[in-house]
Amino acid sequence: MRTLARLWPYVRPVRARWAGAAVIAVVASCLGLVFPLVLKWIVDGPVTDRDPSGVWLGAGVLLALGIVEALLFGLRRWLVARPLAGVEAGMRADLYRHLQRMPVAFHDKWASGQLLSRATTDLMVVRMFLAFPLTFLIVNTVTIVAGLAVLVVQDWALGLVLLAPAVPLMAVCYRFEHGYAEASRRAQDQVGDLTTVVEESVLGIRIIKGFGRHRSHARAFRELSQTVRGTELTKARLLAGILVVITLLPELALGTALVLGTVRVADGDLSAGTLVAFLSTALALRWPIESIGFLLAMSQEAATATRRYFEVMDEKEEDPRVHEQRTRVDAEGGGGSGLRFEGVEFRYPDAAPGSVPTLARIDLHIRSGETLALVGATGSGKTTLTALVPRLYDVTAGRITLDGRDVTAMPREELRTLVSVAFEEPTLFSATVAANVLMGAPDATDEDVERALGVAQADFVRRLPEGPDTEVGEQGLSLSGGQRQRLALARTVVGGPRFLVLDDPLSALDVHTEAAVEAALRRVLADSTALVVAHRPSTVLLADRVALLSQGRITAVGTHQELLRTSAEYRHLMSEDDDGHDDDHDAAEAGKAAHA
Ligand SMILES: Nc1ncnc2c1ncn2[C@@H]1O[C@H](COP(=O)(O)OP(=O)(O)O)[C@@H](O)[C@H]1O
Ligand SMILES: [Mg+2]
6 MRTLARLWPY
16 VRPVRARWAG
26 AAVIAVVASC
36 LGLVFPLVLK
46 WIVDGPVTDR
56 DPSGVWLGAG
66 VLLALGIVEA
76 LLFGLRRWLV
86 ARPLAGVEAG
96 MRADLYRHLQ
106 RMPVAFHDKW
116 ASGQLLSRAT
126 TDLMVVRMFL
136 AFPLTFLIVN
146 TVTIVAGLAV
156 LVVQDWALGL
166 VLLAPAVPLM
176 AVCYRFEHGY
186 AEASRRAQDQ
196 VGDLTTVVEE
206 SVLGIRIIKG
216 FGRHRSHARA
226 FRELSQTVRG
236 TELTKARLLA
246 GILVVITLLP
256 ELALGTALVL
266 GTVRVADGDL
276 SAGTLVAFLS
286 TALALRWPIE
296 SIGFLLAMSQ
306 EAATATRRYF
316 EVMDEKEEDP
326 RVHEQRTRVD
336 AEGGGGSGLR
346 FEGVEFRYPD
356 AAPGSVPTLA
366 RIDLHIRSGE
376 TLALVGATGS
386 GKTTLTALVP
396 RLYDVTAGRI
406 TLDGRDVTAM
416 PREELRTLVS
426 VAFEEPTLFS
436 ATVAANVLMG
446 APDATDEDVE
456 RALGVAQADF
466 VRRLPEGPDT
476 EVGEQGLSLS
486 GGQRQRLALA
496 RTVVGGPRFL
506 VLDDPLSALD
516 VHTEAAVEAA
526 LRRVLADSTA
536 LVVAHRPSTV
546 LLADRVALLS
556 QGRITAVGTH
566 QELLRTSAEY
576 RHLMSEDDDG
586 HDDDHDAAEA
596 GKAAHA
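My numbering puts the first residue of the sequence shown at 6, with every later residue one more than the last.
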């Protein structure tokens with residue numbers, strides 16, 4: 006109940022329509038209870054008096070009642086369908102907006118399939134709950150209470166016989182709720198896991214095929230889906246159990262009442278019409294009572310779905326506030342121009358407490374207009390360091406300043422306009438080439454896009470069927486790795502950002518393209534302050550200075566020539582014979598050796 010109450014803010018706007026529909030359903034359902042009274046009148050009146058026209062009249066009234074009941078139920082459906090679809094859409098939009106605002110650390114932690122299943126299946130369950138079980142739990146309760154009242158009024162002794170199963174039924178329902186809640190939670194989580202597997206297999210289809218893993222993947226999928234099936238069967242067993250009790254007990258009570266009633270009619274204590282009315286009222290209550298099992302099950306599923314929805318919604322978003330305290334420190338001095346790391350330490354949120362931080366004691370100053378290359382073995386923390394500048398993660402100690410302003414003291418929007426990032430993994434969206442580039446600066450003109458594509462040496466775009474207006478597929482899979490990387494680079498430079506952070510943006514380019522991109526990049530770098538992760542000597546040469554990152558520490562800073570002279574690890578990373586990139590493993594080993 007408490008969980009479902011959290012849906013109120015979403016239901017609030019449609020409460021009038023929903024309540025109207027519920028009232029209509031109650032009226033329609035209670036109309037069903039009038040039938041037995043008409044029957045009673047027919048039996049005790051026209052039938053006893055042998056009056057055919059009276060029977061016809063009674064039949065006509067019954068038909069009219071039936072039509073009105075059907076119309077009312079139709080009206081109810083029509084009233085709620087549209088607003089409830091709106092509730093579902095609203096909740097889904099909120100979830101999506103929330104996911105966009107969650108910090109990267111949240112997405113590191115949550116499996117995408119879990120998010121996907123919450124945004125689809127769970128929300129659908131919630132909508133169905135609002136449309137059906139919620140209304141009918143109310144409608145059926147009212148109908149059952151009204152029906153029992155009618156029964157007791159007609160004949161209190163027989164009425165009490167029918168009331169007798171109520172207490173054991175309630176106890177059974179209570180126990181069922183608990184068992185079913187647990188099973189439905191398990192089932193919905195397992196569906197989330199299943200979704201994750203499907204999603205990963207679709208994204209990783211090349212790897213699965215390339216390594217011939219489709220059989221083992223299919224087997225793993227089958228096992229997981231067997232688990233889901235098992236849980237669903239547990240649910241079905243629980244439901245079957247309660248349905249047996251819910252159907253059987255009232256049926257037994259009805260049988261007893263029938264025997265007792267017949268005896269009393271034979272004794273002349275009871276009119277035949279009353280017995281007919283009594284039994285048909287009891288039969289009219291069969292569906293409301295029997296459906297309670299299903300309704301409780303569906304409500305329980307909706308409660309689970311709601312809980313899963315709010316588990317995501319309750320996670321804290323990126324803190325949009327600006328840290329004013331830090332701003333004041335800046336006003337007092339310190340900082341200076343350029344990009345500065347001051348005593349930066351960083352630990353991933355999921356790291357074990359007390360473990361060695363991923364980055365520690367990072368002090369770097371990239372002067373305004375300067376380009377600093379960041380070199381280090383695989384796993385030394387280069388990507389992590391670059392992610393701190395646009396605040397994809399926040400430093401755990403120390404600070405990062407842009408022209409003297411702490412990045413945490415800036416509104417994120419401003420920070421992300423100021424800093425432009427190119428990631429190791431060039432992700433493209435299913436949109437046109439131009440739209441993908443424009444993500445870097447939505448206000449950029451066509452000329453800016455042209456220029457950015459020029460810088461990134463993406464002249465292949467001109468040869469695409471529709472030039473920059475060509476749609477590139479999901480993740481740009483129809484392009485080669487190098488082509489994707491060049492588009493991602495164009496996206497990074499299109500807005501002419503003051504600060505550039507490039508995480509090895511040239512890794513997938515062949516030597517000739519790389520040389521051409523570097524020549525163009527040199528011009529961009531001249532106007533901005535840049536931090537460039539580099540693997541090859543040719544990229545390093547774009548930079549004014551080089552910093553060597555070794556196991557999360559900056560171990561040397563200087564020009565390429567200086568570091569070649571003074572650092573064995575740097576010499577090794579830069580040695581031409583193993584290119585320093587394709588053989589990252591060796592480099593990492595050497596890094597450890599040098600560190601020791
Ligand atoms: N999202 C993450 N959560 C936890 N640890 C991470 C995450 N990303 C990277 N790491 C760890 O941080 C270290 C540095 O990784 P990374 O910065 O990617 O290195 P590099 O880019 O130099 O190869 C590695 O030991 C890696 O396992
Ligand atoms: Mg990296």
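By construction, the Cβ of each residue, glycine as well, lies at the ideal position given by its N, Cα and C atoms. Owing to the predicted nature of the structure, the values given are computational and were not obtained by experimental measurement.
query, result
"Bridge partners for V538 per DSSP, in chain order?", "L379 and D508"
"When DSSP labels each residue in this structure, what does S543 get in the three-state scheme?", "helix"
"Among residues of its own chain, excluding the 5 on either side of V39, which ones have a beta-carbon nearer than 7 angstroms to its beta-carbon?", "L70"
"I'd like to know whether the C-beta atoms of R550 and L377 end up nearer to each other than 7 angstroms.", "yes"
"Out of E574, T236, G50 and L458, point me to the one whose CA is closest to A192's CA.", "T236"
"Quick one: what's got a C-beta closer than 8 angstroms to A245's C-beta in the same chain, skipping five residues either side?", "none"
"Hey, quick one: how far does the alpha helix (DSSP H) through F141 stretch, first residue to last?", "P138 to Q159"
"If we count the other Cβ atoms within 10 Å of its Cβ and call it buried at 16 or more, is L369 buried or exposed?", "buried"
"Mind checking whether the beta-carbon of T388 lies closer than 6 angstroms to any heavy atom of ligand 2?", "yes"
"Measure the Cβ-Cβ separation of T534 and S373 and say whether it is below 7 angstroms.", "yes"
"Less than 8 angstroms between C-beta atoms, sequence neighbours within five positions excluded: which residues of the same chain meet that for G37?", "E74, T148 and A289"
"What do you get for L553, buried or exposed, if any count of 16 or more other CB atoms within 10 angstroms of its CB means buried?", "buried"
"Can you give me the start and stop residues for the beta strand (DSSP E) that A461 sits inside?", "Note, A461: premise wrong, no beta strand (DSSP E); not H, not E."
"Just to confirm, are L569 and R576 a CB contact at a threshold of 7 angstroms?", "yes"
"Do K240 and A186 have their CB atoms nearer than 7 angstroms?", "no"
"DSSP has A427 in a bridge; who is on the other side?", "L507"
"Check the DSSP bridge columns for V562 and list the partner residues they point to.", "A552"
"Going by alpha carbons, who is nearest to L80 out of R22, F216 and R102?", "R22"
"Per DSSP, which residues does E476 bridge with? Please list them.", "T437"
"Going by DSSP in three states, F216 sits in which element: helix, strand or coil?", "coil"
"What do you reckon, are the CB atoms on T437 and D474 nearer than 7 angstroms?", "yes"
"So, are the CB atoms of Y15 and G91 less than 7 angstroms apart?", "no"
"Is any non-hydrogen atom of ligand 1 found closer than 6 angstroms to the C-beta of G2, if you look at the structure I gave you?", "Because the chain in this structure spans residues 6 to 601, residue 2 falls outside the shown range and cannot be described."
"Leaving out the 5 sequence neighbours to the left and right, which residues in its chain are closer than 8 angstroms to T232 when beta-carbon positions are compared?", "Q195"
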